[in-house]
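Chemist: So for the sequence shown, this note's numbering puts the first residue at 1; every next one is plus one. Think of the CB as a built atom: it goes at the ideal place given N, C-alpha and C, for glycine as much as any other residue. Please read these numbers as outputs of a predicted model, since none were measured by experiment. I have a structure I would like to understand better, so I am pasting it below and will then ask my questions one at a time.
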Amino acid sequence: MTFGRRSVVRAALAVGVVLLWWLNDTTGPYAVFWGSYNFRTLALNLGITWLSLCGSYVALGGDERRLRWTRVLLLNAVCVACVAAGEVPTVLFGHDYRDTFHTWREESWLARATALNKPDEELLHIHWPHTSWEGSVRGNLAALGISDPPWHGVSVSYDRNGFRNDTDLEGVDVAVIGDSFVEGAIVRAGDTFSRQLAVLVGASTVNLGQAAYGPQQELLVLERFARPLAPRVVIWCVFGGNDLLDVTLYEQARDSAARVHLPGTVSQRSLTRNALLRLSIHTTPDPGPSATARAQRGTLRDEHVWFGRNTAPWSDHQWQVLTDTLREAHSQCAPTVRFVVAYVPRKFTVYGDLVTDKGTALQAWTRTTLPAELGAWCQEADIRFCDLTPALRKATLDGVQTYHPDDTHWNAEGHRVAAEAVAEFIGR
């Protein structure tokens, strides 16, 4: 083949490769590679491009063709061997390269914890007993598209039952039941609500908080883990953000074949995928905050704070399940154990009318009536009710931020304020 023909063929191949990448663009929510490709499309494009390069070298190279074939086959064999060696930890030992490269789709503790949990027939999932985890996570509102969100250090250890306690307890004075607010994974163990409450009331406490739990699971926690410890007081924390929604999510998951949080697929955990994703992250300019992040952002004392979704209306069924669950929990505790419902407000309930420069979404949000309605129901049911909203709002008015700016959960100060409010309530 003449030099001119070779040049034309090479130019045609180059144009073909460019068209391949241009036309095979999958821009959308799953296009996490350079904002244009999902992993399947990226792998296909890379494979075709590589085969085109190899084929053009074999067909158009200047050396003897047999030598060119040998070089190409040897190079491909080395590449395959290197990739296979790198994937051995994933395939044989379950290693997750998302940890190595910090490439989780959502880097929050909620996403990380539930992906690592042990399946449970009744609870659906629970932390593995006697395990620990240390690393860095993003706030769960980073998923809104916050520009360059900070990392939060996490160091957690779990007891024999999979809860965040330093030791295996045989008996306690106070049991605290709830979801991720009670677990408090993105604050130090000593700063959690349950540990600070123990200091304030001078009594032993057990942290029975578990990320992504709702009312039905928390009743099982009371039966399986709290009552055997014979506490004198049970604090049941109801989160106003999603506990009612969790009623439905639990029912759907319980009745589903895919009912537990499973580790990612081999593809999601692989070295190849996550190395490419890390390269993509490093070489993609920061686009700035997304439209959603701007719409759900406000300013509190010259600092940007972000908020999750607006409070959704709850159904009669969700309300019935929540109240039936609380009534059953109270019945199991009575008459020897004091049962207290503590209402944990959403960040917007506390900060909503205190922030300025509200984004367009926040301007349409209103404060929920849930604490008032739940308090009235508890009074009728003769259940002690402690609304933490006033204490958290007072602290905020006094200049104390009680929630992480980029997360829906309390910071260490929020845990302190909540513990002080509950300690005062149960001391009456």
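Determine the DSSP secondary structure at S7, reduced to helix, strand or coil.
Modeler: Note: S7 maps to helix in three-state DSSP.
Chemist: Against chain C, with Cβ distances strictly below 9 angstroms, would S290 count as a contact?
Modeler: This model lacks chain C altogether; it includes just one protein chain.
Chemist: Residues in the same chain with beta-carbon distance under 7 angstroms from I383, minus the five sequence neighbours each way, listed in chain order, please.
Modeler: Counting only Cβ-Cβ distances below 7 angstroms, and skipping sequence neighbours, we find L326, H330, F339, V341.
Chemist: Does DSSP put A412 in a helix, in a strand, or in coil?
Modeler: In the structure shown, A412 sits in a helix (DSSP, three-state: H, G or I).
Chemist: Taking contact to mean 3 or more Cβ pairs, one atom from each stretch, closer than 8 angstroms, check whether the stretch 205-214 and the stretch 291-303 are in contact.
Modeler: The stretch 205-214, when compared against the stretch 291-303, does not touch it at the 8 angstroms Cβ threshold.
Chemist: What's the C-alpha gap between G308 and T368?
Modeler: Roughly 14 angstroms between the two C-alpha positions.
Chemist: Looking at I146: is its Cβ nearer than 9 angstroms to the Cβ of W34?
Modeler: Not in contact: I146 and W34 (Cβ atoms no closer than 9 angstroms).
Chemist: When we look at the beta-carbon of W236 and count the other beta-carbons within 10 Å, is it buried (16 or more) or exposed?
Modeler: Answer is buried; the Cβ neighbour count reaches 16.
Chemist: DSSP puts S157 in a beta bridge; with which residues?
Modeler: Looking at the DSSP assignment, S157 forms a beta bridge with S132.
Chemist: Work out the CA separation of A381 and D191 for me, nearest whole Å.
Modeler: The straight-line gap from Cα to Cα measures roughly 33 angstroms.
Chemist: Assuming D173 is part of the alpha helix (DSSP H), what are its boundary residues?
Modeler: It is not in any alpha helix (DSSP H) - D173 carries neither H nor E in the DSSP assignment.
Chemist: Within the same chain, show all residues whose beta-carbon is closer than 7 angstroms to that of N165, passing over the 5 residues directly before and after it, in chain order.
Modeler: So the qualifying residues of the chain are D159, V206, N207.
Chemist: Could you name the residues of the same chain whose beta carbon sits closer than 6 angstroms to that of T311, not counting the 5 residues immediately before and after it, in chain order?
Modeler: Counting only Cβ-Cβ distances below 6 angstroms, and skipping sequence neighbours, we find T368.
Chemist: Distance, Cα to Cα, R68 vs W21?
Modeler: Rounded to the nearest angstrom, the two C-alpha atoms are 27 angstroms apart.
Chemist: How about E420 and Q401: do their beta carbons lie closer than 9 angstroms?
Modeler: Not closer than 9 angstroms, so no.
Chemist: Measuring alpha carbon to alpha carbon, tell me which residue in L23, A77, A12, L144 is nearest S52.
Modeler: Taking only the C-alpha atoms, the option nearest S52 is A12.
Chemist: Could you tell me the boundaries of the beta strand (DSSP E) in which G209 lies?
Modeler: Run containing G209: 205-209, per the beta strand (DSSP E) assignment.
Chemist: Quick check: the stretch 91-105 against the stretch 267-283, are at least 3 beta-carbon pairs closer than 8 angstroms?
Modeler: Yes, they touch.
Chemist: Which whole runs of the alpha helix (DSSP H) in the stretch 264-344 are 4 residues long or more, in chain order?
Modeler: You should have 266-269, 271-283, 291-295, 316-333.
Chemist: Check the DSSP bridge columns for K118 and list the partner residues they point to.
Modeler: Bridge partners of K118: I126.
Chemist: Alpha carbon to alpha carbon, how far is R416 from Y97?
Modeler: Each residue's Cα considered, the two are about 36 angstroms apart.
Chemist: Between L229, A364, G94, which has its C-alpha nearest N161's C-alpha?
Modeler: Out of L229, A364, G94, L229 has the C-alpha closest to the C-alpha of N161.
Chemist: Start and end of the alpha helix (DSSP H) containing R65?
Modeler: Segment 65-93, the alpha helix (DSSP H) holding R65.
Chemist: Within 10 angstroms of its Cβ, does E151 collect 16 or more other Cβ (buried), or is it exposed?
Modeler: The amino acid at residue 151 is misidentified as Glu; the sequence shows Trp. When all chains shown are included, W151 counts as exposed.
Chemist: Grab the span of the alpha helix (DSSP H) containing W50 for me, first residue to last.
Modeler: Its alpha helix (DSSP H) spans residues 39-60.
Chemist: For a test of the three-state rule: what should DSSP assign to T192, helix, strand or coil?
Modeler: T192 falls in the coil class under three-state DSSP.
Chemist: Is D387 helix, strand or coil by DSSP?
Modeler: In this structure, D387 counts as strand in the three-state DSSP scheme.
Chemist: So, using beta-carbon positions, are Y343 and V201 closer together than 9 angstroms?
Modeler: Cβ distance not < 9 angstroms, so Y343 and V201 don't count as in contact.
Chemist: Using CA coordinates, which residue listed in W314, G94, V137 is at the minimum distance from L245?
Modeler: Comparing Cα positions, the closest option is W314.
Chemist: Just list the residues that DSSP pairs C237 with in beta bridges.
Modeler: C237 pairs with A342.
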